[in-house]
Amino acid sequence: MDTTTSASNTDTWRPSWEQQPKINNLLRPYSTAAVVCDGRRPRPELWDICNGCILWLPPKPDVGEIPDPRLSSRHPDFFDHPVLVLKVEITSPRDANVLFAKMTSLDKTPLERIHSSHLDQYLPVFPAKPHPTSGLLLRLENERPKRGMVNNSYVSIHEGVFSLDYRALRCYAAGQKADGYRHRLKRESFDQVVTELGYSSSPWIETGGLWEEFIRKHVPGGAEVAFDI
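Numbering (the numbering used here), first residue to last: 236 to 464.
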């Protein structure tokens with residue numbers, strides 16, 4: 236895995252949490268996101284990962300140890316794809332397990348062109364076309380240019396749920412300005428996914444409250460300092 240270095244080492248851009256002195260002082264000791272050059276996908280900070288966000292599963296040789304036998308047994312072609320985070324199980328400010336569903340571009344084949352027996356295995360994400368039979372279309376919180384999906388993408392609901400250490404995952408987008416929640420489904424779209432999967436996720440946290448929630452639950456004494464409790 237990447238060497239642990241704080242994202243604050245870059246002079247060209249600072250993540251939003253570093254621009255708030257109180258938040259920066261509380262979170263910086265737990266930073267594990269390495270600074271990367273443009274063109275590469277950075278590791279998201281733990282407090283920037285949440286259910287509904289879309290991250291990137293690197294190529295299998297780059298992942299490192301894979302305790303989940305269902306994931307470790309997968310062919311290398313399964314990797315190097317986006318994934319949808321279903322749940323984040325945090326055990327300490329630097330440790331967490333992420334449960335996710337795989338996403339796919341179907342090799343750029345429109346969903347309506349695949350065999351009808353496979354249609355119910357995939358849920359399209361905007362800007363892909365709505366599902367040809369159900370009309371369902373998952374939407375992102377932020378669909379501005381350069382903030383949406385690069386290719387037409389689909390959540391694969393027939394392959395199940397997988398788990399991995401959060402430090403093995405990368406941001407969906409490349410470059411220094413990426414973060415974990417930049418690509419996140421709207422709450423109602425996420426609810427549709429977990430319903431189709433038959434999966435029970437953790438409570439939804441609004442994107443604007445991720446840092447506060449992390450500090451309150453996982454940074455000793457952090458809530459009193461940051462929020463004047």
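Ideal Cβ positions, reconstructed from N, Cα and C, are used throughout, including at glycine.
Model, not experiment: these values are computed from the prediction.
Which first and last residues belong to the alpha helix (DSSP H) in which H453 is found?
In the sequence shown, residue 453 corresponds to position 218, counting from 1. Residues 445–453.
Grab me the residues of S243's own chain with a C-beta within less than 6 Å of its C-beta, minus the 5 sequence neighbours each way, in chain order.
By 1-based counting over the sequence shown, the position of residue 243 is 8. Low per-residue confidence applies at S243: pLDDT is 39, beneath 50, and the placement is therefore not dependable, though the value from the model is reported in the following sentence. Excluding sequence neighbours, S243 sits near E253.
From E347 to Q356, what distance separates their C-alpha atoms?
For the purposes of this step, residue 347 is identified with residue 112 of the sequence shown, where counting begins at 1. For the purposes of this step, residue 356 is identified with residue 121 of the sequence shown, where counting begins at 1. For E347 and Q356, the distance between alpha carbons rounds to 12 Å.
Member of A408, S391, R422 whose CA lies at the smallest distance from the CA of R276:
For the purposes of this step, residue 276 is taken as the residue at position 41 of the sequence shown. The option with the nearest alpha carbon to R276 is A408.
In DSSP terms, what K364 is bridged to
As a position in the sequence shown, residue 364 is number 129, starting the count at 1. Partner(s): none; K364 has no beta bridge.
With a threshold of 16 other CB atoms inside 10 Å of the CB of T238, please say whether the residue is buried or exposed.
Along the sequence shown, one-based indexing puts residue 238 at 3. Note that T238 scores a pLDDT of 33, beneath 50, so its modelled location is shaky and nothing firm can be said.
Look at K322 and S391 and say whether their C-beta atoms are less than 8 Å apart.
The residue labelled residue 322 in the question sits at position 87 within the sequence shown. The residue labelled residue 391 in the question sits at position 156 within the sequence shown. Not a contact, by the Cβ cut-off of 8 Å.
Unbroken alpha helix (DSSP H) run spanning F425, endpoints:
Walking along the sequence shown from the start, residue 425 turns up at place 190. First-last of the alpha helix (DSSP H) with F425: 422–432.
Taking just the CA atoms, how far does S352 sit from T344?
Counting from one through the sequence shown, the residue named residue 344 turns up at place 109. Counting from one through the sequence shown, the residue named residue 352 turns up at place 117. Their backbone Cα atoms lie some 15 Å apart in a straight line.
Taking 8 Å as the cut-off, does the segment 416–424 touch the segment 358–378 (at least 3 CB pairs, one atom from each stretch)?
yes
For Y265, name the three-state secondary structure that DSSP assigns.
The residue given as residue 265 occupies position 30 in the sequence shown. Y265: helix per DSSP, three-state reduction.
Counting pairs of beta carbons, one from the segment 384–399 and one from the segment 431–439, are three or more of them closer than 8 Å?
yes
Could you name the residues of the same chain whose beta carbon sits closer than 6 Å to that of I301, not counting the 5 residues immediately before and after it, in chain order?
As a working note, residue 301 is residue 66 in the sequence shown. Closer than 6 Å at the Cβ level, and outside the excluded window around I301, lie S307.
Minimum C-alpha distance to I450 - residue among G370, L281, T267, P250:
Numbered from 1 along the sequence shown, position 215 holds the residue referred to as residue 450. Considering only alpha carbons, the answer is L281.
P317 - partner residues in DSSP beta bridges:
Sequence index remark: in the sequence shown, residue 317 carries index 82 (1-based). Paired residues: W291.
Boundaries (first-last residue) of the beta strand (DSSP E) holding L334:
Here residue 334 refers to the residue found at position 99 of the sequence shown. That run of the beta strand (DSSP E) goes 330–339.
Output yes or no for whether 8 Å exceeds the beta carbon distance between L445 and C285.
For this step, residue 445 is matched to residue 210 along the sequence shown. For this step, residue 285 is matched to residue 50 along the sequence shown. Their beta carbons are under 8 Å apart, which means L445 touches C285 by this criterion.
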